[in-house]
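What follows is one structure encoded as structure tokens, with my remarks underneath.
Protein chains in written order, with the numbering used here: chain X, 28 to 648; chain A, 28 to 648.
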């Protein structure tokens, strides 16, 4: 039942591990700035002035340092100021304000302390089916989040498992309120995940959203939650998804279900976040008509305008499920009359599980390069944190949290800039080199894992390691349909029609294999192995080349890290080195399995004569 | 921590559920015979007379019924007599004696109550890391075993998990002795599984078998075990196998390790059973030279004559691992100067997990048709029992335990006879029909699962349901190497050489694809899909045909069961019907996945035009 008490400084090496004193974000800002300047050896005066109401701030250095801004703005401004001073960078001119009003982090923690898709230890919030946290650690956690502007947290798993469903009752709210009390000092507010069927568990005869008793039940839950946590943001719901109950269980629509919950929150200014991860998870793999990536758009797009104004649809970045490479979700372009939140995943479920390095900001850049940031009103990300001393298991995975904070603040992804900032803060002696390692990592990982946009070639359940047919004959709707001639699913207008869910230009690009981006080619198209790509290589040769290159680059990454010995704190250096060694082995395994798999189907040897898996049966000696 | 208190009568419906009174097998026999005759409505006198020393008995009906035999023989004779009377069958002439002196059952129970590869509930012997059993249930269990002549039981898993390793210490022996006290009444003696590294766990510096302290340690363990259980049989060991420690851990040979343990048991007449399930479980799938089925023979055959005379090598029926179809293990023919035990598996790990019906005696018949029963001196089987009220989850799976008892007694498998006996005892109104269902079941299962001797096309870990590539890129050494041209591993003299481990005639048969039994064709040979088989069909067509037939037959089985409504006790009928329904779905899934898998590789359509999986990508409507 014990917590790992300490967390490291993360990217805040200039702040003391002891917790700051203060009873408001303003006082915390004063404390942090004072201690930070001391540690940086800067003897200037620093003045903090609260003006206005929000997260915005203005920094200036006119002999004295000045941070002016809203009540939380001064905290963000102070952290920003310190990071700029630490890096010797220039202060921004004018008022700085965040693009998204809520910059959220969704933990997937269970009350037994386990974390679903967690790769960095156990929960920071729960143990033994109780709310349980180390106060000091929560202070350090909140400081880390506030330092990059994250201002909203949901601690519990969207797959709500008992007794988490009763978190919004008097049994647990007093403890949750204590958590909220700490977070509030850092400008962070709480969301809580709720179970749609809670009324049933609580003894009601139904959880039908149109039932009067059910409505009253939820109004009471909202009332009690706000009584304990006055600045509570609202509920987060996963309904009618992957075995979870929802409006469908009662013959109701999603607007009927979501609006009912939203109306319970409305009197308190509360919001309802409603996840759109809805698809048939009991699909028959024999059925070639049903195509999972089409599901969310098909279900939700026709419902535009039917959701109340405090309902926010929370939509994953891609139409499938956080794969290494996916197109942007078409639903993000749709529903102009509905509020939407973009959901990213920091937890590296499909991107190396915090053993293999995968710097995600480049992936997000792909999203924002097509999707104007104002298409969504909110942003959230699934947490990659746990109670490991370094927070993220892989020390370098901290960069993803950092970059997410920046992305959520600015409403755009600038991978080079964020990587450099993080690396310079975390490893002042090796900032540029570490940033460069980060920036190369996603392309390397993608090369040795995902063949041109094919996803889910992973071991079932764990989602780690190669298993090309792992989900091929399952009910999860994730198929590559590889055979001896072709591979991929035709999702064009001639196939399942996914491309038709996109707006004009994007649709045209995805629909035509001649202009579809290479790395999404097999996501959208079913092609023969001999298909000649724009660069003249065949499809199969490109798969081989990518995988050999990826495995080689993984080795290079490890070698590059080794050159940093002495420039990185010894324990961090060794910890990361161990992960790179594992990654090198993983990469080799991925390369050989994927290439063997396609060689067995295609029978086409590598044009460069490299050995692919066991190409011959044994000769008896 | 509670046990399910009751077990059903199994195939002994004429005995009361209340436990018999008696302080010896002789007195138990008297009680059982008295109660049994009463329930059968037979008013003849029955006389039991103890003569001689062993398990043998003689039955006669000269007006009075007579059972004459050894102290345990009279118990076996009494059960046999009752079963014959119940079935209206003739009494055997002359003295009946068992072929094997020890007819063993190996449970794979863990001390937390879970059963490894258990499909019928939880352990009968352990709960909450304690020895824990329901006395009445153990009486019924022992009676059931004794009624088919089983006389030795090892309750604990061969994968010994803490605290099971300390079972042979004073902490647990008093409780184990109480278990032995009950079993002894039914002629059943105990074996215990031991952990080779126990000396380390107990605080010694090493578990090296040649270390004096280690030898003394094991002598003390043997002494203490025999002090508590004077008729203890000995130890059962899984060493140097699948992550377990063994002599190799200390640079010693298996004779050195096994003989050391055997010598500790020797003063008490104890035996050491040493499993030969030794292979490289960290194999590189790219390596085409290493062939797991070759491993046991390669390791042990050269060691003939080096084991002490109270060491018994325990060898699985096949060289791989309890697959649906395997050749007999070549090691069973080797090592004339070494004692051997044949190990079967009643737990249906790879044969339907007691959801799908698989009557195993036909599989054993294949063993005994090639292997003269006297090649081995002992026989054992992995238990299919748990604390489910019906003992085996699937009621009809009881037939496997019954048939195993008979097989172990007679030293031969007579599937028809044993099926009929069991079915007539368990379901007097539908004996022949149920026996016929049993007898068809293994062929049906094999057809929809295993393509001509290919194994391990199952989901990893669970070993249930189809996953043709589930183990293909793993470290477990179980590969089919399917590609677009061929499938199978060449294990002939031209390949990995497994066939050369067999004696002359068998070798010739397995080595030549022209005379190799069809159902082992792909176990021993790598062949193109167009290979023409003896019946004129191509290999691929045979795979398709088998799978379609198997799925169809599974449906037929369920239909046949439905015709028995009214002839089978209602609750049993419904329980079994549910399993047949599940089997029908499983069979369909197996059929479609396996056929699709091979269609995708071969591109050869079914000659009969049947639909194979999703043969075309979707057309957009």
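C-beta atoms are modelled at their ideal positions from N, C-alpha and C, and glycine is treated no differently.
Indicate whether at least one CB of chain X lies closer than 8 Å to the CB of residue i.
i	result
residue 500 (chain A)	yes
residue 370 (chain A)	no
residue 496 (chain A)	yes
residue 320 (chain A)	no
residue 480 (chain A)	no
residue 509 (chain A)	yes
So what does DSSP say about residue i, is it helix, strand or coil?
i	result
residue 300 (chain X)	strand
residue 588 (chain A)	helix
residue 138 (chain X)	coil
residue 484 (chain X)	coil
residue 76 (chain A)	strand
residue 362 (chain A)	coil
residue 545 (chain A)	helix
residue 112 (chain A)	helix
residue 398 (chain A)	coil
residue 156 (chain A)	coil
residue 622 (chain X)	helix
residue 627 (chain A)	helix
residue 270 (chain X)	coil
residue 43 (chain A)	coil
residue 331 (chain A)	coil
residue 325 (chain A)	helix
residue 179 (chain A)	strand
residue 646 (chain A)	Confidence in residue 646 (chain A) is poor, its pLDDT being 40 and thus under 50, which makes the residue's placement unreliable; the coordinate value appears in the next sentence. Of the three classes helix, strand and coil, the one that applies to residue 646 (chain A) here is coil, per DSSP.
Any Cβ of chain A within less than 8 Å of the Cβ of residue i?
i	result
residue 52 (chain X)	no
residue 33 (chain X)	no
residue 512 (chain X)	yes
residue 628 (chain X)	yes
residue 470 (chain X)	no
residue 493 (chain X)	yes
Which residues in the same chain as residue i place their Cβ atom closer than 7 Å to its Cβ, once the five residues preceding and following it in sequence are excluded?
i	result
residue 595 (chain A)	454 and 457
residue 462 (chain X)	446, 447 and 450
residue 69 (chain X)	112
residue 199 (chain A)	158 and 193
Who are the near neighbours of residue i in its chain, counting only those whose CB is closer than 8 Å to its CB and skipping five residues on each side?
i	result
residue 43 (chain A)	62 and 66
Suppose the cutoff is 6 Å on Cβ atoms and the five residues either side in sequence are ignored; what does the same chain contact list for residue i look like?
i	result
residue 277 (chain X)	235
residue 642 (chain X)	Unreliable placement is indicated for residue 642 (chain X), whose pLDDT of 47 sits below 50; the coordinate value is still reported in the next sentence. For residue 642 (chain X), where only same-chain residues beyond five positions count, there are no Cβ hits under 6 Å.
residue 129 (chain A)	179 and 405
residue 165 (chain X)	209
residue 477 (chain X)	351 and 352
How should residue i be labelled, buried or exposed, when 16 other C-beta atoms within 10 angstroms of its C-beta is the threshold for buried?
i	result
residue 286 (chain X)	buried
residue 622 (chain X)	buried
residue 354 (chain A)	buried
residue 120 (chain X)	exposed
residue 230 (chain X)	exposed
residue 302 (chain X)	buried
residue 363 (chain A)	exposed
residue 298 (chain X)	buried
residue 80 (chain X)	exposed
Next item on the list: Please list the residues of the region 145-176 of chain A that have a C-beta atom closer than 7 Å to any C-beta atom in chain X, keeping them in chain order.
Entry: For the region 145-176 of chain A, which is checked against every Cβ of chain X, not one residue is closer than 7 Å.
Notebook entry, point to check: When Cβ atoms are compared, which residues of the region 525-548 of chain X fall closer than 9 Å to chain A?
Noted result: Of all residues in the region 525-548 of chain X, 527 have a Cβ within less than 9 Å of some Cβ in chain A.
Checklist line | Residues from the region 599-621 of chain A in contact with chain X, defined by Cβ distance under 7 Å | finding: Those residues of the region 599-621 of chain A that come within reach of chain X (Cβ to Cβ, closer than 7 Å) are 619 and 620.
Notebook entry, point to check: Which residues, taken in chain order from the region 281-314 of chain A, show a beta carbon closer than 8 Å to some beta carbon of chain X?
Noted result: For the region 281-314 of chain A, which is checked against every Cβ of chain X, the residues closer than 8 Å are 312, 313 and 314.
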